[in-house]
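Visitor:
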Amino acid sequence: MPTAKVVFATITGNNEDCADIITEALEDLGVEVDETEISQTDAAELKDYDINVIVPYTYDEGALPEEGMDFFDDLAELDLSDKVFGVAGSGDTFYAEYYCLAVDKFSEAMTKAHAIQGAENLKINLAPESQEDLDRLDNFASSLVDKFNAQ
Numbered sequence: 001m002p003t004a005k006v007v008f009a010t011i012t013g014n015n016e017d018c019a020d021i022i023t024e025a026l027e028d029l030g031v032e033v034d035e036t037e038i039s040q041t042d043a044a045e046l047k048d049y050d051i052n053v054i055v056p057y058t059y060d061e062g063a064l065p066e067e068g069m070d071f072f073d074d075l076a077e078l079d080l081s082d083k084v085f086g087v088a089g090s091g092d093t094f095y096a097e098y099y100c101l102a103v104d105k106f107s108e109a110m111t112k113a114h115a116i117q118g119a120e121n122l123k124i125n126l127a128p129e130s131q132e133d134l135d136r137l138d139n140f141a142s143s144l145v146d147k148f149n150a151q
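Once you know that position 130 of the sequence shown is 130 in the UniProt record's numbering, the rest is easy, because the numbers rise by one and skip nothing.
1. Would you list the residues sitting across from Ser-90 in a DSSP beta bridge?
2. So if DSSP puts Asn-52 in a beta bridge, which residue, or which two residues, is it bridged to?
3. Checking 8 Å against the spacing of the C-beta atoms, do Cys-100 and Gly-89 come in under that value?
4. Out of Ala-25, Gln-117, Asp-60, which one is the CA nearest neighbour of residue 154?
5. Among the residues of its own chain, which have a CB less than 6 Å from the CB of Asn-14, if the five just before and after it don't count?
6. At what residue ranges does the segment 7-51 contain a whole run of the alpha helix (DSSP H), taking only runs of 4 or more?
7. Can you name, in chain order, every residue of its own chain whose Cβ lies under 6 Å from the Cβ of Ala-113, other than the five neighbours on each side?
8. In whole angstroms, give me the CA-to-CA distance for Tyr-49 and Thr-3.
9. Which of helix, strand or coil does DSSP assign to Tyr-99?
10. So, does the segment 94-110 touch the segment 135-151, judging by three or more C-beta pairs under 8 Å?
11. In three-state terms, what does DSSP make of Gln-131?
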C-alpha cells in the first residue's frame with residue numbers, strides 16, 4: 001500500500017479544507033495518509049512517504065507562510081529522488097499576480113529536491129466548495145497515485 005504525507009498551512013481554514021479533501025481522495029484510492037500542519041512537520045519526514053503533498057497559503061504580496069519558513073528552507077537540504085509530489089493551495093484571485101505564489105514556490109523547491117511531480121500545481125480560488133473544485137482536487141489526488149503506480 002502506498003503512503004502519503006499531506007502537509008498544510010492555513011489562516012482561513014481553506015487550505016486545511018483542501019488538504020482534508022486530498023487526504024480523503026488519496027485514502028479512497030488505497031493510500032495510507034498522514035496529514036499534518038506545516039509548523040508541526042519536519043521536512044525530513046517527506047523521505048518516509050511515497051507521495052508528498054504540500055498545501056500552503058500565500059500571504060500578502062506573494063510571501064510564504066511564516067510558520068512554514070523552516071520547512072521550506074529545509075527542503076533545500078533533502079534528496080527526495082523517487083518521491084512523487086504535488087502542491088495545491090487556496091488563494092484569492094483578488095491578489096492578481098500574487099495569487100497562490102506559494103504553490104509555485106513550494107513546487108519549485110520540491111523539484112530542486114529531485115522529487116517527481118505527479119500532478120500539475122493546483123490553485124483553488126477561496127474555499128473549495130464548488131463541485132468543480134472538488135473534482136479538481138480528486139483528479140489531483142488521482143494523478144499523484146497514477147504517477148506513483150507508473151514508476
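Don't be surprised by glycine CBs; every beta carbon is placed ideally from N, CA and C. Please read all numbers here as calculations on a predicted model, not as lab measurements.
Guide: According to the structure shown:
1. Ile-124
2. Lys-5, Phe-85
3. yes
4. Residue 154 cannot be examined here, being either before or after the span of the chain that is shown, 1 to 151.
5. Ser-90, Ala-127
6. 14-28
7. Leu-75, Leu-78, Leu-80
8. 5 Å
9. coil
10. no
11. helix
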